[in-house]
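With mature numbering (1 follows the signal peptide of the UniProt record, and there is no 0) as the guide, the letters of the sequence shown map in order to residues -24 to -1, 1 to 341.
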Amino acid sequence: MKKLALLLVISFIYVWEIPNCSVAQDCQYLYNVLITVPLKDSDRLYLSRSQCGYRNGKVLICCPERHRQKLPTATPPITSPVSNLLPDTSQCGNVLSNRIYGGNKTDIDEFPWMALIEYTKGDNDKGHHCGGTLISDRYVITASHCVNGPSIPTDWRLTGVRLGEWDTTTNPDCEFDIRGNKDCAPEHLDVAVESAIPHPMYAPNSRNQLHDIALLRLARRVAFTDFVRPVCLPLDDNLRTASFDGIVMDVAGWGKTENGSSSTVKLKAPVQGLEPEECRRIYSRQNIQLGDKQICAGGKEGVDSCRGDSGGPLITLNKSNRIRSNYFLAGIVSFGPTPCGLEGWPGIYTWVGKYIEWIIQTMKP
């Protein structure tokens, strides 16, 4: 699949009335156009023609005075016992970027919450064999099968997490825009894991892999940047209980599993949620009884689970806030057909919204 990323080209246009030239966050009208998903071709052209400059690595846009309204930089704090441990929506799941994304290869700063999980093996060799998702400055969430699953060799120890990665063969990562300008990220960040906490009800050898969720507490806090940033958790009741039937979501990763990898560059793929009863019927053919805390998505040949990481995120947009849309973590990659991406066989994901109470109770300062 060809990469469809559209890089906005800076242009200067003489007009009778020169509007304000500012970042998108200061222009609510154009910001709302930018975060619309899917973005129409006419809107892409409109955004491209609205550019008026470039400052400190950010594209500037022309905002007519009547539309100029600075967006709030913060939202009311989360009213939960761990509100000081989780980021608010101004810090998590951010959509806004200097690019318009498309295609199956991610851009260098796309999905900055992606994590690679490092294992130290019996010969002291190290490797990344699962994925995870940054949810705060101290915690990464992943699948329990990446912590104590049957496919993890007994002489492997989960010892670290890598953040801010894009291309696993280079450090730092760089890419070039359509004019040949080089854009580089900071070096990736390797952080030790202080403790790995699988869900207490997870049964490693179960066929249905219920409660396949785990938390990794990092040995230190990490600073948020454009390349290292958490995803939002579905804390609101409407998100925790939302139906994903027919909803198009995204999986992303390097195709990391306990047994190998499919890509050196971070990939993404859209997957559509499937009606639970239909999914249960499909998997019952293999004597697998799915539960009500699992999400089914995908089932398109050669696409979905082949692009994501074992233990990695299934994400979708929360568009209930008219001012700011954020990605939130809908699910965690649990299991699927072998080989991956078989037509008619959806992937199975742990439903994160069903485990919010456990997450909150498990996290600590």
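All C-beta atoms in this analysis are idealised placements derived from N, C-alpha and C, irrespective of residue type, glycine included. Note that this is a predicted model, so its numbers are computed, not measured.
Legend entry - Cβ neighbour criterion (16 or more within 10 Å) applied to residue 160: Locating residue 160 in the sequence shown gives position 184, counting from the first residue. Exposed, since its Cβ has fewer than 16 Cβ neighbours within 10 Å.
Inset, instruction - Go to residue 70, then tell me how far its beta strand (DSSP E) extends in each direction, as first and last residue. - result: Against the sequence shown, residue 70 aligns to sequence position 94. Where residue 70 is concerned, there is no enclosing beta strand (DSSP E), given that its DSSP letter is neither H nor E.
Legend entry - residue 404 - DSSP class collapsed to helix/strand/coil: The requested residue 404 does not occur in the structure, where the chain is confined to residues -24 to 341.
Legend entry - Inter-residue spacing [alpha-carbon to alpha-carbon] between residue 243 and residue 265: Against the sequence shown, residue 243 aligns to sequence position 267. Against the sequence shown, residue 265 aligns to sequence position 289. Distance between the alpha carbons of residue 243 and residue 265 is about 30 Å.
Legend entry - Check whether residue 191 and residue 115 have beta carbons under 8 Å apart: Numbered from 1 along the sequence shown, position 215 holds the residue referred to as residue 191. Numbered from 1 along the sequence shown, position 139 holds the residue referred to as residue 115. For residue 191 and residue 115, yes; Cβs fall inside 8 Å.
Inset, instruction - Alpha carbon to alpha carbon, how far is residue 69 from residue 207? Give it in angstroms, no decimals. - result: In the sequence shown, the residue the question calls residue 207 occupies position 231. In the sequence shown, the residue the question calls residue 69 occupies position 93. When only Cα atoms are considered, residue 207 and residue 69 end up about 4 Å apart.
Legend entry - residue 94 classed as buried or exposed, judged by whether at least 16 other C-beta atoms fall within 10 angstroms: Along the sequence shown, read from residue 1 onward, the residue named residue 94 stands at position 118. Around the beta carbon of residue 94, 16 or more other beta carbons sit within 10 angstroms, so the residue counts as buried.
Legend entry - Contacting residues, own chain, Cβ-Cβ under 7 Å from residue 334 (five flanking each side not counted): Start at 1 with the first residue of the sequence shown, and residue 334 comes out as number 358. Sequence-distant partners of residue 334 (beyond 5 residues in either direction) whose C-beta falls short of 7 Å from its own C-beta, in its chain, are 175.
Inset, instruction - Alpha carbon to alpha carbon, how far is residue 257 from residue 197? Give it in angstroms, no decimals. - result: Here residue 197 is taken as the residue at index 221 of the sequence shown, counted from 1. Here residue 257 is taken as the residue at index 281 of the sequence shown, counted from 1. Near 44 Å, if we compare the C-alpha coordinates of residue 257 and residue 197.
Inset, instruction - Determine the closest residue to residue 247 out of 220, 315, 261 and 231, with distance taken between C-alpha atoms. - result: Walking along the sequence shown from the start, residue 247 turns up at place 271. When only C-alpha atoms are compared, the closest one is 220.
Inset, instruction - Quick one: give me the first and last residue of the beta strand (DSSP E) that residue 163 is part of. - result: On the sequence shown, position 187 is the one that residue 163 refers to. First-last for residue 163: undefined, no H or E at that position.
Inset, instruction - Pick helix, strand or coil for residue 120, following the three-state DSSP scheme. - result: Numbered from 1 along the sequence shown, position 144 holds the residue referred to as residue 120. Looking at residue 120 - three-state DSSP - the assignment turns out to be coil, as it is neither helix nor strand.
Inset, instruction - Determine, using beta-carbon pairs with one atom in the region 81 to 93 and one in the region 123 to 143, whether at least three such pairs fall under 8 Å. - result: Touching, per the Cβ criterion.
Legend entry - Simplified DSSP assignment, three categories, for residue 80: Mapped onto the sequence shown, residue 80 falls at position 104. In the structure shown, residue 80 falls within a coil segment according to DSSP collapsed to helix, strand and coil.
Inset, instruction - Examine the Cβ distances between the region 304 to 315 and the region 116 to 126 and report whether three or more of them are shorter than 8 Å. - result: Because the criterion of three Cβ pairs below 8 Å is met, the region 304 to 315 and the region 116 to 126 touch.
Legend entry - Beta bridge counterpart(s) of residue 225 as assigned by DSSP: For the purposes of this step, residue 225 is identified with residue 249 of the sequence shown, where counting begins at 1. Residue 225 pairs with 247.
Legend entry - N- and C-terminal bounds of the beta strand (DSSP E) containing residue 262: Reading the sequence shown from its first residue, position 286 is the one you call residue 262. For residue 262, no beta strand (DSSP E) run applies, since DSSP gives it neither H nor E.
Inset, instruction - With a floor of 4 residues, list each alpha helix (DSSP H) that falls wholly inside the region 91 to 158, ordered by position along the chain. - result: Segments of the alpha helix (DSSP H) lying fully in the region 91 to 158: 121 to 124.
Inset, instruction - Can you have a look at residue 203 and say buried or exposed, based on whether 16 or more other CB atoms are within 10 angstroms of its CB? - result: Here residue 203 is taken as the residue at index 227 of the sequence shown, counted from 1. Buried, since its Cβ has 16 or more Cβ neighbours within 10 Å.
Inset, instruction - With distances taken Cα to Cα, identify the nearest neighbour of residue 89 among 133, 22, 165 and 38. - result: To locate residue 89, count along the sequence shown from 1; it is residue 113. Of 133, 22, 165 and 38, the residue nearest in Cα terms is 165.
Legend entry - Cutoff 6 Å; reference residue 97; Cβ partners in own chain excluding five residues on either side: Your numbering for residue 97 matches position 121 in the sequence shown. Hits under 6 Å: 132.
Legend entry - N-terminal and C-terminal residue of the beta strand (DSSP E) that residue 327 is part of: Position 351 of the sequence shown holds residue 327. Where residue 327 is concerned, the enclosing beta strand (DSSP E) stretches over 323 to 327.
Legend entry - Where residue 38 falls, given that 16 or more other Cβ within 10 Å makes a residue buried: Here residue 38 corresponds to residue number 62 of the sequence shown, with the count starting at 1. When all chains shown are included, residue 38 counts as buried.
Legend entry - Element boundaries [alpha helix (DSSP H), containing residue 336]: Walking along the sequence shown from the start, residue 336 turns up at place 360. Taken as a continuous stretch (DSSP letters only), the alpha helix (DSSP H) holding residue 336 covers 332 to 338.
Inset, instruction - Use the C-beta contact count for residue 330: other C-beta atoms within 10 angstroms, 16 or more gives buried, fewer gives exposed. - result: Position 354 of the sequence shown holds residue 330. Buried is the label assigned to residue 330, since at least 16 other Cβ atoms lie within 10 Å of its Cβ.
Legend entry - Strand pairing of residue 307, partner residues [DSSP]: Counting from one through the sequence shown, the residue named residue 307 turns up at place 331. Bridge partners of residue 307: 290 and 327.
Inset, instruction - Return the first residue and the last residue of the beta strand (DSSP E) that residue 194 is part of. - result: As a working note, residue 194 is residue 218 in the sequence shown. Note, residue 194: beta strand (DSSP E), 190 to 194.
Legend entry - Distance, residue 291 Cα to residue 328 Cα: In the sequence shown, the residue the question calls residue 328 occupies position 352. In the sequence shown, the residue the question calls residue 291 occupies position 315. Using only the alpha carbons, I get a separation of about 10 Å.
Inset, instruction - Within its chain, find whatever has a CB closer than 6 Å to the CB of residue 168; leave out the 5 residues flanking it on each side and keep chain order. - result: The sequence position of residue 168 within the sequence shown is 192, counting from 1. Here the set comprises 136 and 195.
Legend entry - Contact set for residue 145: own chain, Cβ-Cβ below 8 Å, skip 5 residues either direction: If you number the sequence shown from 1, residue 145 lands on position 169. Closer than 8 Å at Cβ, skipping near neighbours: 240.
Inset, instruction - Apply the 10 Å Cβ neighbour rule to residue 66 and answer buried if 16 or more other Cβ atoms are within range, or exposed otherwise. - result: Residue numbering aside, residue 66 sits at position 90 when the sequence shown is read from its first letter. That one is exposed.
Legend entry - Sheet register partners of residue 172 (DSSP bridge): Position 196 of the sequence shown holds residue 172. Note: residue 172 sits in a beta bridge opposite 192.
Inset, instruction - Establish whether the CB of residue 112 and some CB of chain D are separated by less than 8 Å. - result: Judged by its chain identifiers, the structure shown contains no chain D, having just a single protein chain.
Legend entry - Check whether residue 289 and residue 305 have beta carbons under 8 Å apart: Indexing the sequence shown from 1 puts residue 289 at position 313. Indexing the sequence shown from 1 puts residue 305 at position 329. Yes, the Cβ-Cβ distance between residue 289 and residue 305 is below 8 Å.
Legend entry - Closest residue to residue 342 among 182, 326, 152 and 188 (Cα-Cα distance): Because residue 342 is not part of the residues shown, which for the chain are -24 to 341, the question remains open.
Inset, instruction - Give the straight-line distance between the Cα atoms of residue 178 and residue 268, rounded to the nearest whole angstrom. - result: Counted from its first residue, the sequence shown places residue 178 at position 202. Counted from its first residue, the sequence shown places residue 268 at position 292. So the two alpha carbons sit approximately 15 Å from each other.
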